[in-house]
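In numbering that gives the first Met the number 0, the protein residues as written are 0 to 395.
Data block below; observations after.
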Amino acid sequence: MRHDEQIRVLEGLMNHLDNDTNVDVGHQLKNPVTAYTDPARAALEWEKLFQSYPQVLGLSADLPEPGSFFTNRDLGKPILCTRDKSGAFRAFLNVCTHRGTMLESEPRGRKNVFSCPFHAWSFSTSGDLVAVPKEDHFGTVDKACHGLTSLPAVEKYGLLWVSPDKDVPIDLDDLLGPELSDELAAWNMNEATWHNDTTYPHACNWKLAVDTYGETYHFSTLHRDTLFPRFYGNCQMYDTYKRNHRMTLCIRPIDKMRNEPHDKWHVLRGTVPVYYLFPNIQLIMNAGGVTLVRIYPDAKDPHNSRSEISFYTFPEERRLKVGPIFEENYSITTQMESFASIIQAEDYVAAAKGHIGATSGALLHVTFGRNEPALHHYHSTFNEALGLPPLEKVGG
Ligand code: FES
Ligand SMILES: [Fe+2]
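Put into structure tokens, the structure is as follows:
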């Protein structure tokens with residue numbers, strides 16, 4: 000984040016604290032509960048948001064060296080991501096071109112050749128068919144025509160994007176716009192190292208899980224004993240970048256920065272910036288690392304979803320540059336994992352209860368407040384991307 004922007008958001012948060020204000024959209028929005036429960040809506044989302052829209056599947060750190068790979072089935076089809084011999088990021092359908100067997104079953108690892116478990120046709124990290132056993136018995140195979148099916152794949156700003164549809168190209172400039180592109184670049188996420196992954200299933204529509212990241216209005220109640228002692232609730236800065244956004248959450252050590260000169264200020268000492276990348280990604284930044292949250296529907300089922308959460312750490316010297324923030328004696332990974340387990344134990348439990356409410360018939364719609372701009376923004380962009388009418392505004 001540019002330093003002048005860091006100062007703007009830090010001063011904005013201090014101003015909110017001093018005046019007991021928060022971001023204010025100026026009106027409320029109503030979202031029909033059917034957005035969370037209707038199977039037809041879920042099928043439309045699966046098609047438009049998860050089958051034909053570029054997806055972040057990881058960070059560069061997931062493929063640390065040539066030959067590194069990971070597999071992914073979050074989008075309903077088997078995907079194999081590799082770093083090829085030249086170091087380039089590649090993505091393929093993880094399907095052998097002989098008889099269609101799924102080629103690689105391990106979640107991640109390092110291989111120079113992927114050998115099919117059925118008859119051992121073998122493929123390089125670039126997807127080329129490199130060996131067919133007993134070709135003199137099988138018959139000649141035109142290897143040039145039997146490589147793995149490539150998917151569009153882009154590595155930029157330390158993030159890995161894949162298009163689940165081989166015919167839908169990835170235009171990052173168009174998806175992100177120049178401002179967010181510059182800001183993501185400035186975080187140097189390519190310096191991160193993968194630490195571990197965890198999966199949280201949740202009995203709710205996937206957007207109810209996303210909604211728990213959409214405001215800090217709930218911090219003083221839902222997180223009273225967990226996050227609230229470290230965060231100021233109902234206090235944030237909010238900025239949009241096309242269909243994406245940045246929520247800047249306010250942490251209590253911001254108070255210690257007030258009397259320091261601006262050139263000593265670092266945004267991570269007083270805030271937790273959280274980037275949302277349309278449609279399902281949260282990137283939670285801190286001095287020592289980044290947490291990537293990918294939230295997926297259960298195919299076309301509106302009632303179940305899950306979060307795939309990955310933790311990455313930055314080199315120690317990055318943290319030193321930011322300066323002291325955390326009083327706790329926790330390691331950075333403990334802090335990230337504890338944050339994630341609070342999300343699981345509190346936010347996702349609330350989201351599942353919200354889903355019970357949504358299917359109960361008690362309400363026709365839920366209401367997004369003036370102080371919940373993220374909910375306004377991404378539910379509006381969902382409707383726009385799905386070709387649905389805009390949400391209805393209600394009074395101030
Ligand atoms: S199906 Fe893969 S080698 Fe036969
Ligand atoms: Fe929360």
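No residue lacks a Cβ here, since even glycine has one placed at the ideal position from N, Cα and C.
| query | result |
| --- | --- |
| Let's see if you can read the secondary structure: which residues bound the beta strand (DSSP E) around Trp193? | 192-201 |
| Measuring alpha carbon to alpha carbon, tell me which of Trp160, Asp172, Asn189 ends up nearest Tyr240. | Asp172 |
| Express the C-alpha separation of Cys115 and Gly108 in angstroms, rounding to a whole number. | 16 Å |
| Quick check on Met0: does DSSP put it in helix, strand or coil? | coil |
| Determine the direct distance from the alpha carbon of His118 to that of Thr401, and round the result to whole angstroms. | Since the displayed the chain opens at 0 and closes at 395, residue 401 lies outside it and no answer follows. |
| Under 8 Å by Cβ, that's how I've got Phe218 and Arg242 pegged, so tell me the actual separation to the nearest angstrom. | Not a contact, Cβ separation roughly 26 Å. |
| Kindly examine ligand 2 and report whether one of its heavy atoms sits closer than 7 Å to the Cβ of His409. | Given a span of 0 to 395 for the chain in the structure shown, any question on residue 409 remains unanswerable. |
| For His222, is the beta carbon positioned less than 7 Å from some heavy atom of ligand 2? | yes |
| Is Ala373 close to chain D? Criterion is C-beta to C-beta, closer than 8 Å. | The structure shown contains no chain D; it is built from a single protein chain. |
| What are the start and end residues of the beta strand (DSSP E) that includes Gln27? | 27-31 |
| Between which residues of its own chain and Thr100 is the CB-CB distance below 7 Å, once the five residues before and five after are set aside? | Cys115, Pro116, Phe117 |
| Just how far apart, CA to CA, sit Ala351 and Asp300? | 14 Å |
| Could you check the C-alpha separation between Phe381 and Thr192 for me, to the nearest Å? | 32 Å |
| Could you give the DSSP three-state label for Val161: helix, strand or coil? | strand |
| Report yes if the CB atom of Val271 is closer than 8 Å to the CB atom of Ile250, and no otherwise. | yes |
| DSSP beta-bridge partners for Arg89? | Thr81 |
| Whose C-beta lies closer than 7 Å to the C-beta of Ser162 among residues of the same chain, with five residues either side of it excluded? | Pro53, Leu150, Pro151, Pro168, Ile169 |
| Please state whether DSSP places Ala461 in a helix, a strand or coil. | Limits of the chain in this structure are 0 at one end and 395 at the other, which puts residue 461 out of reach. |
| If you draw a straight line from the C-alpha of Thr211 to the C-alpha of Arg89, how long is it? | 33 Å |
| Does any heavy atom of ligand 1 sit closer than 7 Å to the C-beta of Phe117? | yes |
| Name the one or two DSSP bridge partners that Leu276 has. | Ile280 |
| I'd like to check one pair, Tyr347 with Trp205: are the Cβ atoms closer than 8 Å? | no |
| Less than 7 Å between the CB of Cys144 and some heavy atom of ligand 1, yes or no? | no |
| Extract the residue ranges of the beta strand (DSSP E) inside the region 331-367, only unbroken runs of 3 or more that lie entirely within it. | 364-367 |
| Name the residue from Arg98, Lys76, Thr148 whose alpha carbon lies nearest to the alpha carbon of Phe137. | Arg98 |
| Whole angstroms is fine: what's the gap from Ile308's alpha carbon to Cys144's? | 37 Å |
| So, is Val393 buried or exposed, given that buried needs 16 or more other C-beta atoms within 10 angstroms? | exposed |
| In angstroms with no decimal places, state the Cα-to-Cα distance between Ile345 and Val129. | Reading off the sequence shown, one finds Glu at residue 345, where the question assumed Ile. Spanning the two alpha carbons is a distance of roughly 50 Å. |
| Output yes or no for whether 8 Å exceeds the beta carbon distance between Phe403 and His354. | What is shown of the chain runs 0 to 395, which leaves residue 403 out entirely. |
| Determine, using beta carbons only, whether Glu103 and Asn93 come nearer to each other than 8 Å. | yes |
| Residues in its own chain within less than 7 Å of Lys47 by CB, not counting five upstream and five downstream? | Ala384, Leu385 |
| Taking 8 Å as the threshold, find out whether the region 312-324 comes into contact with the region 259-270 through three or more Cβ pairs. | yes |
| Should Tyr35 and Leu207 be called a contact, given that it needs their Cβ atoms to be closer than 8 Å? | yes |
| Given Phe310, which residues of its chain have a CB within under 7 Å of its CB, disregarding the five upstream and five downstream residues? | His194, Asn195, Gly288, Thr290, Thr332, Met335, Glu336 |
| Alpha carbon to alpha carbon, how far is His302 from Pro31? Give it in angstroms, no decimals. | 15 Å |
| Contact defined as beta carbons within less than 8 Å: I believe His261 pairs with Ile6. What is the distance between those atoms, to the nearest angstrom? | 5 Å |
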